[in-house]
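A.B. asks: One structure, pasted below without further comment.
Numbering (the numbering used here), first residue to last: 19 to 251.
What follows is the structure, encoded as structure tokens:
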């Protein structure tokens, strides 16, 4: 398993170079796309409070973009238009929205025991890497990093995880870390400053050949969405 791409210790952003890295547009983090610009503008509503804006963006990605399996090499704008995504897709979209409004943000990942996804996808979890590199978002406010996980929409959480009485929830108060799947953590978190390299290398995971991945994702998504009553066009 390759976890070296963009790896570094978590640290406070202290200089302009670091800040600049956390605001860059990239091939996958394409925040100047018209759909992302329009969404960011709508969510901002003229507010000057960056924390409140980040809370709106977090909740938008969490609930308006349904949890579902998709390929790794997907642009943020494509996830927005599709209306669903996996942890890497939704995290990338949130990073793009935040950066669009000049809020420093970056992609992170953490190693999890693959059973973390079993409640949602059943025995298909056996096809996942073990450990599995799960993505999340890190956002910076005044030099302090906060972790956000927009992966599970409210319906998915209520359907698959709340009945298990997990020790975490999917809410973010604007200051504390929002972390999911705490019981399944197998290793330390990783920062991925080079987003495009990270996505091109599947965040260190291994993906099935594209045609098989698409077939499997479609089957799993339809099964999940039947339970969560999500309908996709």
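The C-beta atom is built at its ideal place from N, Cα and C for all residues, glycine as well.
Quick caveat: nothing in here was measured; it's all calculated off a predicted structure.
Would you list, in sequence order, the uninterrupted alpha helix (DSSP H) runs of no fewer than 4 residues that lie entirely inside the segment 81–135?
C.D. replies: 94–100 and 105–118
A.B. asks: So who's on the other strand from residue 67, going by DSSP bridges?
C.D. replies: Counting from one through the chain shown, the residue named residue 67 turns up at place 49. Paired residues: none, contrary to the question.
A.B. asks: Would you kindly check if the distance between the Cβ of residue 151 and the Cβ of residue 223 is under 8 Å?
C.D. replies: For this step, residue 223 is matched to residue 205 along the chain shown. For this step, residue 151 is matched to residue 133 along the chain shown. Taking 8 Å as the Cβ cut-off, residue 223 and residue 151 qualify as a contacting pair.
A.B. asks: Give me, in chain order, the residues of the same chain whose beta-carbon lies closer than 6 Å to that of residue 198; leave out the 5 immediate sequence neighbours on both sides.
C.D. replies: In the chain shown, counting from the first residue as 1, residue 198 sits at position 180. Contacts found: 167 and 186.
A.B. asks: Count the CB pairs spanning the segment 167–177 and the segment 45–61 that are closer than 8 Å, and state whether there are at least three.
C.D. replies: no
A.B. asks: How would you call residue 124, buried or exposed, if buried means at least 16 neighbouring beta carbons within 10 angstroms?
C.D. replies: The residue given as residue 124 occupies position 106 in the chain shown. Its Cβ being crowded by 16 or more others within 10 Å, residue 124 is buried.
A.B. asks: Could one say the Cβ of residue 145 lies closer than 8 Å to chain D's Cβ atoms, at least one of them?
C.D. replies: Reference to chain D is not applicable here, since this structure consists of a single protein chain.
A.B. asks: Give a yes or no on whether the C-beta atoms belonging to residue 242 and residue 146 are separated by under 8 Å.
C.D. replies: To locate residue 242, count along the chain shown from 1; it is residue 224. To locate residue 146, count along the chain shown from 1; it is residue 128. No. Outside cutoff.
A.B. asks: Taking the straight line between their C-alpha atoms, what separation do you get for residue 94 and residue 182?
C.D. replies: As a first step, residue 94 must be located in the chain shown, where it is residue number 76. As a first step, residue 182 must be located in the chain shown, where it is residue number 164. Rounded to whole angstroms, residue 94 to residue 182 spans 31 Å at the Cα level.
A.B. asks: Take residue 196 and list the residues in its own chain whose beta-carbon comes closer than 6 Å to its own, dropping the five residues that flank it on each side.
C.D. replies: By one-based count along the chain shown, residue 196 stands at place 178. Only 166, 167 and 190 meet the Cβ criterion.
A.B. asks: Output the distance between the C-alpha atoms of residue 238 and residue 248, rounded to the nearest integer angstrom.
C.D. replies: Stepping through the chain shown from its first residue, residue 238 is reached at position 220. Stepping through the chain shown from its first residue, residue 248 is reached at position 230. In a straight line, the C-alpha of residue 238 is about 13 Å away from that of residue 248.
A.B. asks: Taking the alpha carbon of residue 47 as the point to measure from, which residue in 89, 117 and 66 has its own alpha carbon closest?
C.D. replies: Taking the first residue of the chain shown as position 1, residue 47 is located at position 29. Measuring from the Cα of residue 47, the nearest candidate turns out to be 117.
A.B. asks: Have a look at 163, 205, 234 and 213 and flag the residue whose alpha-carbon is nearest the alpha-carbon of residue 194.
C.D. replies: Here residue 194 corresponds to residue number 176 of the chain shown, with the count starting at 1. The residue with the shortest Cα to Cα distance from residue 194 is 163.
A.B. asks: What residues in its chain sit with their C-beta under 7 Å from that of residue 78, if we drop five residues either side in the sequence?
C.D. replies: As a working mapping, residue 78 is identified with position 60 in the chain shown. Excluding residues within five positions, the ones whose Cβ falls inside 7 Å are 61.
A.B. asks: On the criterion of 16 or more Cβ atoms from any shown chain inside 10 Å, does residue 38 qualify as buried, or is it exposed?
C.D. replies: As a position in the chain shown, residue 38 is number 20, starting the count at 1. Classification for residue 38: exposed.
A.B. asks: Using a threshold of 8 Å, state whether the C-beta atoms of residue 111 and residue 135 are closer than that.
C.D. replies: Within the chain shown, the letter at position 93 stands for residue 111. Within the chain shown, the letter at position 117 stands for residue 135. Taking 8 Å as the Cβ cut-off, residue 111 and residue 135 do not qualify as a contacting pair.
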